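**Q**
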Amino acid sequence: MLKQVQQMQSRMAKVQAELEDERVEASAGGGAVKAVATGSQKLVSVTIAPDLATDVEMLQDLVVAAVNEAMERSRDLAASRMQELTAGLGLPPGLL
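The sequence shown begins at 3 in the working numbering and counts up by one.
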């Protein structure tokens, strides 16, 4: 049992390292604002169409929407990878 736990910890560490390199992208405003995040929920970049610079309020809303969507996709990616890792262990969903 201890050996299985150690193997699981090793695989989890590997998956977490891989998630650092994974990228997800989300956009808002029909692609006017794009946000890119890693699989470990770190924002990497935000790209804004130059024509949005005149409407600051809309720009702020679109940035928030794009970043929130990128973070959601990042969490989904991480959850999917962890679920793949724990498949067959008989653990209840959402435990890890």
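For glycine and all other residues, C-beta sits at the position ideal for the given N, C-alpha and C.
If you're wondering where the values come from, they're calculated on a predicted model, not measured in any experiment.
Drop a sphere of 10 angstroms on the beta-carbon of Ala15, count the other beta-carbons inside from all chains shown, and report buried for 16 or more, exposed for fewer.
**A** Exposed, since its Cβ has fewer than 16 Cβ neighbours within 10 Å.
**Q** Look at the alpha carbon of Arg75 and the alpha carbon of Ser82, and state the distance between them as a whole number of angstroms.
**A** Roughly 10 Å between the two C-alpha positions.
**Q** Pick from Leu79, Met84, Gln85, Thr88: whose alpha carbon is nearest that of Val26?
**A** The candidate whose alpha carbon is nearest that of Val26 is Leu79.
**Q** Tell me, to the nearest whole angstrom, how far the beta carbon of Ala51 is from that of Ala37; I am working on the premise that it is less than 8 Å.
**A** Incorrect: roughly 13 Å between the Cβ atoms, too far for contact.
**Q** Which class does Lys36 belong to by DSSP, given the choice of helix, strand or coil?
**A** Correct three-state label for Lys36: strand.
**Q** If Val46 and Val65 are in contact, beta carbons under 8 Å, what's the gap, nearest whole angstrom?
**A** About 14 Å; that fails the 8 Å criterion.
**Q** Roughly how many whole angstroms lie between the Cα atoms of Arg77 and Thr56?
**A** Each residue's Cα considered, the two are about 32 Å apart.
**Q** Taking only the alpha-carbon atoms, compute the straight-line gap between Ala34 and Ala67 and give it to the nearest angstrom.
**A** Cα to Cα, the separation comes out at about 11 Å.
**Q** My output table needs one value for Glu27: the three-state DSSP class, helix, strand or coil.
**A** Glu27 falls in the strand class under three-state DSSP.
**Q** DSSP three-state label for Ser42, please.
**A** Ser42 falls in the coil class under three-state DSSP.
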